[in-house]
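All the letters of the sequence shown, read from the start, carry residue numbers 1 to 172 under our numbering. The beta-carbon is built from N, C-alpha and C at its ideal position, and this holds for glycine as well. This structure is a prediction, so every number in the text was calculated from the model and none was measured. Some notes on the structure that comes next.
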Amino acid sequence: MALSFLLDPPLTADLRERIVRLWTDVTNAGGPIGFVAPVTVDDVRPMAEATFAGVEAGVDRLLVGMDGAEPVAVLFIVDNRFDLKAHWRVLKRVMVLPGSQGRGYGAALMREAEAVGRAMRLTGLQVTVRDGHGLDAFYAKLGYTETGRVPGALRVAPDDDRDELQMWLDLR
């Protein structure tokens with residue numbers, strides 16, 4: 001089935017729960033989206049609710065990729081909340097359901113986010129990447145370039161610090 005996209009769908013209790021479960025499943029499969037495995041839905045829920053609050057306030061946007069009736073890909077288009085940066089956004093919590101990976105859903109999600117950014121008349125999109133997962137190569141294939149690196153910024157375990165990379169897609 002082809003992936004379809006919903007921009008800013010109503011954040012019903014069901015959709016919230018499905019996104020929290022997706023976030024948990026992706027994290028537990030090794031996905032670098034704000035946590036280190038293992039996590040439970042109770043671990044993820046507070047950060048998810050804080051993220052949903054930005055969408056509900058109309059400041060941030062939610063993009064959901066649907067495979068039929070199932071949300072399998074999600075990202076948040078987050079406002080910088082700073083007037084001098086109002087012309088670009090940060091993509092956060094980019095995730096694809098582990099069982100759906102390898103089908104091109106991640107690339108499709110990112111292309112749709114680019115289309116949304118262009119429709120919003122943004123000049124660029126930034127994504128932050130935890131080094132060590134090869135995601136910089138994924139984003140590079142989609143036109144993103146590394147614009148910054150903070151060595152050892154992310155401590156994922158004792159004696160395991162990872163670089164944080166900032167990657168940019170120029171929409172001008």
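Could you check the C-alpha separation between residue i and residue j for me, to the nearest Å?
{"i": "D14", "j": "V74", "result": "15 Å"}
{"i": "L154", "j": "E164", "result": "7 Å"}
{"i": "L142", "j": "T128", "result": "14 Å"}
{"i": "L135", "j": "T12", "result": "31 Å"}
{"i": "L198", "j": "D161", "result": "The structure shown does not extend to residue 198, since the chain is modelled only from 1 through 172, so no value can be given for it."}
{"i": "F52", "j": "E70", "result": "19 Å"}
{"i": "E56", "j": "E17", "result": "15 Å"}
Are the CB atoms of residue j and residue i within a distance shorter than 9 Å?
{"i": "L171", "j": "L122", "result": "yes"}
{"i": "V116", "j": "L63", "result": "yes"}
{"i": "I79", "j": "V59", "result": "Note that residue 79 corresponds to Asp in the displayed sequence, not to Ile. Result yes, Cβ atoms of D79 and V59 sit closer than 9 Å."}
For residue i, count neighbouring C-beta atoms within 10 Å of its own C-beta (all shown protein chains included) and say buried if the count is 16 or more, exposed if not.
{"i": "F76", "result": "buried"}
{"i": "A113", "result": "buried"}
{"i": "R61", "result": "buried"}
{"i": "L84", "result": "exposed"}
{"i": "P158", "result": "exposed"}
From what residue to what residue does the alpha helix (DSSP H) around residue i run?
{"i": "F52", "result": "V41 to E56"}
{"i": "R118", "result": "Y105 to A119"}
{"i": "F138", "result": "L135 to K141"}
Return the chain-ordered list of same chain residues with a C-beta closer than 6 Å to the C-beta of residue i, the five sequence neighbours on each side being excluded.
{"i": "W88", "result": "L122, T123 and G124"}
{"i": "A107", "result": "none"}
Sorted by chain position, which residues of the same chain lie with C-beta nearer than 7 Å to residue i's C-beta, five sequence neighbours on each side aside?
{"i": "V20", "result": "V41, V44, R45 and A48"}
{"i": "Y105", "result": "L3, G65, V72, A73 and V96"}
{"i": "L6", "result": "V64 and M66"}
{"i": "T24", "result": "V39, T40, V41 and V44"}
{"i": "P98", "result": "D25, V26 and A29"}
{"i": "G132", "result": "R162"}
Would you say residue i touches the ligand MG, meaning its beta carbon is less than 8 Å from a heavy atom?
{"i": "Y139", "result": "In the structure on display, the ligand MG does not appear, and there are no ligands present to speak of."}
Going by beta carbon distance, what residues of the same chain come within less than 8 Å of residue i, once the five residues before and after it are set aside?
{"i": "M167", "result": "Q126, V127, T128, V129, D136, Y139, A140, Y144, T145, E146 and T147"}
Residue i lies in the beta strand (DSSP E); which residues open and close that run?
{"i": "A37", "result": "Neither: A37 is in no beta strand (DSSP E) and is coded neither H nor E."}
{"i": "V90", "result": "W88 to V96"}
{"i": "D131", "result": "Segment: none, D131 is in no beta strand (DSSP E) and carries neither H nor E."}
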